[in-house]
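*Asks:* Chains as they are written, first to last, in the numbering used here: chain A, 146 to 411; chain B, 120 to 550; chain C, 461 to 860.
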Amino acid sequence: MAGNTAIGCGSTVTGLGSTAATGNVKDFRFYISQVKMIRADGVEVPLTLSANDSWNYTAGADSVTLVDLENASGDCPTATGTTGTNAVVKGTVPAGTYTGVKMTMGVPFSMNHTDWANPTTTKAPLDIQAMAWNWQGGRKFAKIEVTNPAWTSPTFNFHLGSTGCIGNPATGTQVSSCSAPNRMDVKFATFDPATQKIAVDIKPLLDGTDVTINQAAATGCMSGGTDPECLNVFKALAIDWKADGTGTGLPINGGAAQTLFRAIAK
Amino acid sequence: MTPSHGVTTQVHRWPHALLVAALWTGAGAAHAHGEADDALPPEPGLRLSAAAAVTWLDASKELPSQRLRGFLLQGDSGTDRQGLALEHATLGAAWRINDMLGAELTVGKHGSDPAHVESAWVQARHDSASGDAWWLLTAGRHRPALGAAMGQGGHFDRFALMPLAKQMATHGDWMDDGLQLGWRQDTGQRRLSADVGLWRGRVFPGGDSGPAVPTVHLGWGQGPWQLDGFAAWLKPERRGSSVSANAGHSHTAPECNAALKDVACFTGRSTLAGASVVWAGAQSPMAWPVTLTASGWLRDEKGSLESANGLGQYRAQNRGLWLQALWDVAPQWQTGVRLERAWTTQSLSGPGATLLASESGLSAYQPASRQTLVLAWQFNPRVTLSAELGRERAAAPPGTAAGAAVGTGSTSVNFAALRLVARTDWLSGGK
Amino acid sequence: MIPRQLAPWVLAAAAAALTGCGGGGTTVTDTAGVTPPPGGGATFTPGNWTWELPSGFAVPKVPEGNPMSTAKVDLGRFLFYDKRLSGNGTQSCASCHHQDKAFTDGKAVAIGSTGDMHPRAAQPLMNVAYNATLTWVNPSLVTLEKQMEVPLFGDNPVEMGVNDSNKADVLRRITTDPVYPAKFAAAFPGLGEPVGWGQVIQAISAFQRSLISGNSKYDQYTQGKATLTPAESRGLALFMGEKAECFHCHGSFNFNDHVVHAASRVVETPFHNTGLYNIGGTGNFPEGNQGLFEFTAKATDRGLFRAASLRNIELTAPYMHDGSIATLEAVLDFYAAGGRNITSGPRAGDGRKHPNKSDLITLIDLNAQEKADIVAFLKTLTDHDFITNPKFADPFAAAK
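#1: Check this for me: beta carbons of N398(A) and A383(A), under 9 Å apart or not?
#2: For R725(C), which residues in chain B fall below 8 Å Cβ to Cβ?
#3: On a Cα-Cα basis, can you pick out the residue from A172(B), L467(B), G329(B), A208(B) that is closest to A383(B)?
#4: To the nearest angstrom, how far is it from the Cα of T257(B) to the Cα of A169(B)?
#5: Would you say G155(A) lies against chain C (beta-carbon separation less than 9 Å)?
#6: Could you name the residues that DSSP lists as bridge partners for L300(B)?
#7: Counting only Cβ pairs nearer than 9 Å, list the residues of chain B close to A646(C).
#8: Compare the C-beta of S531(B) with all C-beta atoms of chain C and state if any pair is closer than 9 Å.
#9: Using a cut-off of 7 Å between C-beta atoms, extract the partners of G483(C) located in chain B.
#10: Given that S324(A) touches chain C, what residues does it touch there, using C-beta distances under 7 Å?
#11: Leaving aside the five residues before and after A722(C) along the sequence, list all residues of the same chain whose C-beta is less than 6 Å from its C-beta, in chain order.
#12: Compare the C-beta of L481(B) with all C-beta atoms of chain C and state if any pair is closer than 9 Å.
#13: Any Cβ of chain A within less than 9 Å of the Cβ of T593(C)?
#14: For C310(A), which beta-bridge partners are listed by DSSP?
#15: Does I343(A) come out as helix, strand or coil in the three-state DSSP assignment?
#16: In chain B, what lies closer than 8 Å to A790(C) by C-beta?
#17: Check for me: the alpha helix (DSSP H) holding P641(C) runs from which residue to which?
#18: Is E356(B) helix, strand or coil by DSSP?
#19: Helix, strand or coil: which one does DSSP assign to A506(B)?
#20: Could you tell me how far apart the beta carbons of I311(A) and P599(C) are, in whole angstroms, since I believe they sit closer than 8 Å?
#21: Who are the near neighbours of D565(C) in its chain, counting only those whose CB is closer than 7 Å to its CB and skipping five residues on each side?
#22: By Cβ distance, which residues of its chain are closer than 6 Å to R200(B), with the 5 residues on each side in sequence left out?
#23: I want to see whether chain A comes within less than 9 Å of P599(C), judged by CB atoms only; does it?
#24: Classify W254(B) as buried or exposed, calling it buried when 16 or more other Cβ atoms lie within 10 Å of its own Cβ.
#25: Sort out for me which residues DSSP pairs A541(B) with in a bridge.
#26: Pick helix, strand or coil for L194(A), following the three-state DSSP scheme.
#27: Mark Q551(C) as exposed unless 16 or more other C-beta atoms lie within 10 angstroms of its C-beta, in which case mark it buried.
#28: I'd like the span of the alpha helix (DSSP H) that includes Q193(B), first residue to last.
#29: At 7 Å on the CB atoms, spell out the chain C contacts of Q465(B), in chain order.
#30: Tell me which same chain residues have a C-beta within less than 8 Å of the C-beta of P850(C), skipping the five on either side of it?
#31: Taking CB distances under 9 Å as the criterion, tell me whether F563(C) reaches chain B.
#32: Which residue comes first and which comes last in the alpha helix (DSSP H) that contains W657(C)?
#33: Determine whether the Cβ of F713(C) lies closer than 9 Å to any Cβ atom of chain B.
#34: Whole angstroms are fine: how far does the CA of V378(A) sit from the CA of C221(A)?
#35: Identify which residue in G650(C), P746(C), Q750(C), G741(C) has its Cα closest to the Cα of H732(C).
#36: Which of the three DSSP states, helix, strand or coil, is assigned to Q551(C)?
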């Protein structure tokens, strides 16, 4: 969404960022994991995803779904985009009365750092090259990009992923820890899946940021620890980020103040 | 219990012999018993002593014996003995409180290292009813009883360089914190001694931690003969050996940190044993002014050796011995020869053993040997000037090859040394 | 009781015996690389692969999931030199990794198959099996398999240019070529699924692991098979000494400080700033090349990179992560000066004053003769056998 308008590849969006710029959608994908339905009595019950398929994957207690709102048309490149889309996270919970839902935008640690070109070790939807984040050995938790050749910096890339990752050469463990996990927590205390859906709105994501220029570091915000473009983006995600690079990458207050997602009527 | 007149006489006799003999052989029959035996003045009172040995050594290159590459020691480069240096200096205070109790403190210094407490102990003595035997209980930092030849070797003795066998076995002089019980008997004809001790075991070949170290010593002497034997059982845990290519000289063991940075750590059993035979010709019927000494050491190790690069099961049988002859050619003049050898048969097996063996120097092992001639002139009771000529051979030092490259065999170095040893003491009260 | 008269002679005889006894020796048995699989079981024999390692080299670490075999290494060699492995079919791995240059390309920075310029130079691949982390700086890339995903599939910059839309096609070029099916079958016996990118990456990784270089003039010298000239000897002594400090960061058997091998238990992965840049005195390095900072966001990590192996350094000009120093002599000048002072242009700044510069750089103190001697020594690290070894050469060239 952009505001109240549904968008996708080929959409032109106005009012982006601090300069109210106009740009086209170039990519719009993200991973959702660890969905839990909140019961009326407050207990959080994990959602069991349907069987593993090209969008969903469950291994043990960890589950992940790729929400893919781009279809490699318009300004979404055919080389890196996919024609398939998925706007659904589907699963089951034991019978009961549920009032809310919470989830994480991100890939669970146990799945995040697997080799993604090796189908023996990595299953869909973790095998999408474009969602891989080679340089930190993990995945891009979100890849949302807007573009306009007229801008000083033509594309604003929002790539969310864990930073400060180190591997363990002695054990060959690809990544043993990351100093800033950067997984976003989202919670809706009241949510009815029968009548509502979740909108992901790029306008609040880009609020307060001049998307037409690149002040420093990566073009856009690629979760860089000191990238000035990340200041307001991470505020929208309610993840702790500080301009001097000391942000913990942990959700602030369970993501209470996040503005990227909201519940809307179906 | 006050000593009887007989015992007092005994106590007097030894120090006299000690003063003369110590200056000559340093390792002669005088120190046949535990080294803490005779440091106290015979009568209640305080003895202050000072000793210093200054050496000027000339050699064509760095003496390979100082590092003793190829043996598992502490991995440091050893002292560079070339040039003029303070070999050793000590300041001591020995206080006999009464017939039964005494205390001692010695502070020492080597070269440019900071001064350190060499020994600090208290001793209780109990004489037996017969008068020719007594017990000693010593607590504090002192040397485990080894027998004079082994104990005194390298410690202000006739030769400037520490015997290879002692270097191999205990990385130099062995002083530890502990408790030692000794029994002495001197019937005039025969001298017997027995000691048992229990030590902290933090000094080489002990490690960062480990159980207390028991030691045992037995000595037998008759006429010109003195035989001594000792054994010690150590169980070092995490004994560090520096493996950095350029570990400088250090007297302290490198730390076995969790990151295993620049260090290889040994955990296991280390058994020390030694035996010495001294024949003091002056006391034999032939009255030859020759003292012959043979001393042998072993350090057997079995355990695990680990570094960042590997882990292996390590076994070693380190051996060393020296033979020495000292001849008092004329009043005030002594000449002598010492022949020494140290060798080991060791094995390392496990993942990464290749790099572990090369970085800890084990693959560069070569047996070590040394032959030294000495001529000493004691121009006054306190001062001795000596000249030495020698040749030694040991594994070539690293530093000419990077990282894991093995050394290229052994190197042979001739050396010459001039040495000045001075001792003095001052006694308050007592004789 | 030995008669007293005989005593001296007994001891003298023992003295004579001294020289006879006591040889001793050291026996070393290295079991690295022959470890049992997890959960116990019989000793694992890695295929039919035997490491032929130079003296003093450790056994390389091989991931359990990708054991070495001669068939796999052979397949990897073909894939390494195969241009069809790139999206547009113009580049192979070997396009930026030339054997005669110890597997780098002689350029300041590498250029991808679609013309994208990489911010940094292609890594030389000799002894890459021992690199604890890969590339010029990346604490999270610790296996060759993982690293390979970057040049194959990366899009910023595009290197080999394989992506979601063409990866199936590119793979088909390989799997339908008559040369390959038999090679894949031999390299991956009992593979229960069709050949995929996982196998391609594993085969090329195995080939890379086989690129062992350890027969330079210097290596021969350490085994007593060659002698160094006086200049080279002086250079060696300087290299290992505290005037030049080189060995601190370039001191392992691989002449760097970042080694992992089969028996490694604790691995150090240090990164260093040598004072190459200090743009406007802000401590910045050129954008996109801020080194370790790009991963950790810590200001103290600006400009930190991995010290490269100096083996074959004579062949891998230009030098530094961005190829900004052209010759070995200039490199020595740079170190002796304590860093680089750029006086004009967009990158102007005095690198010698960079706050993160390694303390060791400041201590380097060399005159002209010493610098020349070190360069002479560095040239002894060239392994001529390695750069001409047919086992590592282009199999397609033979056919041409």
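Each residue gets a CB set at the ideal place from its N, CA and C atoms; glycine is no exception. This one's a predicted model, so the numbers in the text were calculated from it and none came from an experiment.
*Replies:* Walking through what the data contain:
#1: A383(A) is positioned such that its CB atom lies closer than 9 Å to that of N398(A).
#2: Against chain B, the beta carbon of R725(C) has neighbours under 8 Å at L379, E425, S426, A427, N428, G429, L430, G471, listed in chain order.
#3: L467(B)
#4: 22 Å
#5: no
#6: L256(B), V315(B)
#7: In chain order: nothing, as chain B lies at least about 29 Å away.
#8: no
#9: W462, P486
#10: T756
#11: Cβ within range, chain order: A492, G493, V519, K521.
#12: yes
#13: yes
#14: C323(A)
#15: It is a strand residue.
#16: By Cβ distance, chain B contributes nothing, its closest Cβ being about 23 Å from A790(C), past 8 Å.
#17: Start and end: 640 to 647.
#18: In the three-state reduction of the DSSP assignment, E356(B) falls in the strand class.
#19: strand
#20: 4 Å
#21: Listed in chain order, the non-local C-beta contacts of D565(C) below 7 Å within the same chain comprise C556, H557, H558, A582, local neighbours out to five positions each way being set aside.
#22: L176, L182
#23: yes
#24: Counting the other CB atoms within 10 Å of its CB gives W254(B) a total below 16, which places it among the exposed residues.
#25: Residue pairing by DSSP places A541(B) opposite A171(B), V502(B) in a beta bridge.
#26: strand
#27: buried
#28: Run containing Q193(B): none; DSSP gives neither H nor E here.
#29: Listed along the chain, the chain C residues whose CB falls inside 7 Å of the CB of Q465(B) are T486.
#30: none
#31: False, the Cβ-Cβ gap to chain B never drops below 9 Å.
#32: 657 to 669
#33: Closer than 9 Å: yes.
#34: 22 Å
#35: Q750(C)
#36: coil
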